[in-house]
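J.: In this note's numbering, the protein residues as written are 52 to 204.
So that we are looking at the same thing, I have put the structure below in structure tokens.
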């Protein structure tokens, strides 16, 4: 069984090549309002597409906040540590008692427990409820923006 194209070729009619049109000729009959709507739609589509990576970024910051809060709680649960001037550090009586030992570690200049060798962590500055409220506002804002951008897209 033959199709209509095969029948046309069989009758000797040559197939006409497709007409090629330039990019800007596609929009030559578009009005200014139509061009404006295409531009606004394209911008909204780009912003709508960037919402997912933005939400991943916010989620990563939220996870970092949880981890920082847990580390702060864990560090302050140790009775030998205290928070002084927003820095978690060893209590003074623990750091002054250790240098009296005469070990090879102390002679090397490192010391067993020295405040200068311990990494200082800020403390007392993380209000977890406030931070989570901020992230909730970020998610609500991104959701509203996605809804509006999807509509205008």
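Note that beta-carbon positions come from the ideal geometry of N, C-alpha and C, so glycine has one too.
Note that the structure is a prediction, hence the values are computed from the model and not measured.
Taking the alpha carbon of residue 193 as the point to measure from, which residue in 185, 115, 102 has its own alpha carbon closest?
T.: Here residue 193 corresponds to residue number 142 of the chain shown, with the count starting at 1. Checked all of 185, 115, 102; the closest Cα to residue 193 is 102.
J.: Residue 135 by DSSP, collapsed to three states: which one?
T.: To locate residue 135, count along the chain shown from 1; it is residue 84. Of the three classes helix, strand and coil, the one that applies to residue 135 here is strand, per DSSP.
J.: For residue 168, which residues in the same chain have their Cβ closer than 6 angstroms to its Cβ, ignoring the five residues on either side in sequence?
T.: For this step, residue 168 is matched to residue 117 along the chain shown. With a pLDDT of 43 at residue 168, under the threshold of 50, the modelled position of this residue cannot be trusted; read the value that follows with caution. Hits under 6 angstroms: none found.
J.: Would you report the Cα separation of residue 202 and residue 196, rounded to the nearest angstrom?
T.: If you number the chain shown from 1, residue 202 lands on position 151. If you number the chain shown from 1, residue 196 lands on position 145. The alpha-carbon atoms of residue 202 and residue 196 are separated by roughly 10 angstroms.
J.: DSSP beta-bridge partners for residue 185?
T.: Mapped onto the chain shown, residue 185 falls at position 134. Per DSSP, none; premise fails for residue 185.
J.: Please confirm whether residue 204 and residue 96 have their CB atoms less than 8 angstroms apart.
T.: As a first step, residue 204 must be located in the chain shown, where it is residue number 153. As a first step, residue 96 must be located in the chain shown, where it is residue number 45. For residue 204 and residue 96, yes; Cβs fall inside 8 angstroms.
J.: Are the beta-carbon atoms belonging to residue 116 and residue 182 less than 8 angstroms from one another?
T.: As a first step, residue 116 must be located in the chain shown, where it is residue number 65. As a first step, residue 182 must be located in the chain shown, where it is residue number 131. Contact: yes.
J.: Between which two residues does the alpha helix (DSSP H) harbouring residue 122 extend?
T.: What you label residue 122 is simply residue 71 of the chain shown in a count that begins at 1. From DSSP, the alpha helix (DSSP H) with residue 122 extends over 102 to 127.
J.: Residue 67 to residue 81, Cα distance in whole Å?
T.: Sequence index remark: in the chain shown, residue 67 carries index 16 (1-based). Sequence index remark: in the chain shown, residue 81 carries index 30 (1-based). Distance between the alpha carbons of residue 67 and residue 81: 28 angstroms.
J.: Ends of the alpha helix (DSSP H) at residue 76?
T.: For the purposes of this step, residue 76 is taken as residue 25 along the chain shown, with counting starting at 1. Here the alpha helix (DSSP H) through residue 76 covers 74 to 77.
J.: For residue 99, which residues of its own chain have a beta-carbon under 7 angstroms away from its beta-carbon, when the five flanking residues on both sides are left out?
T.: Walking along the chain shown from the start, residue 99 turns up at place 48. So the list reads 197, 200, 201, 204, once near-sequence residues are dropped.
J.: Going by the beta-carbon positions, is the gap between residue 143 and residue 132 smaller than 8 angstroms?
T.: The residue you call residue 143 lines up with position 92 of the chain shown. The residue you call residue 132 lines up with position 81 of the chain shown. No, the Cβ-Cβ distance between residue 143 and residue 132 is not below 8 angstroms.
J.: Kindly indicate which three-state DSSP category residue 140 falls into: helix, strand or coil?
T.: As a first step, residue 140 is located in the chain shown; it is residue number 89 there, counting from the start. Collapsing the DSSP output to three states places residue 140 in a strand.
J.: Excluding sequence positions up to five away, which residues of its chain have a Cβ less than 6 angstroms from the Cβ of residue 165?
T.: Against the chain shown, residue 165 aligns to sequence position 114. Bear in mind that the predicted position of residue 165 carries a pLDDT of just 46, short of 50, making it unreliable; the figure below should be weighed with that in mind. Answer for residue 165: no residue qualifies.
J.: Anyone know if the C-beta pair for residue 123 and residue 177 falls short of 8 angstroms?
T.: For the purposes of this step, residue 123 is identified with residue 72 of the chain shown, where counting begins at 1. For the purposes of this step, residue 177 is identified with residue 126 of the chain shown, where counting begins at 1. For residue 123 and residue 177, yes; Cβs fall inside 8 angstroms.
J.: Which of helix, strand or coil does DSSP assign to residue 193?
T.: Residue mapping note: residue 193 aligns to position 142 of the chain shown, counting from 1. Helix at residue 193.
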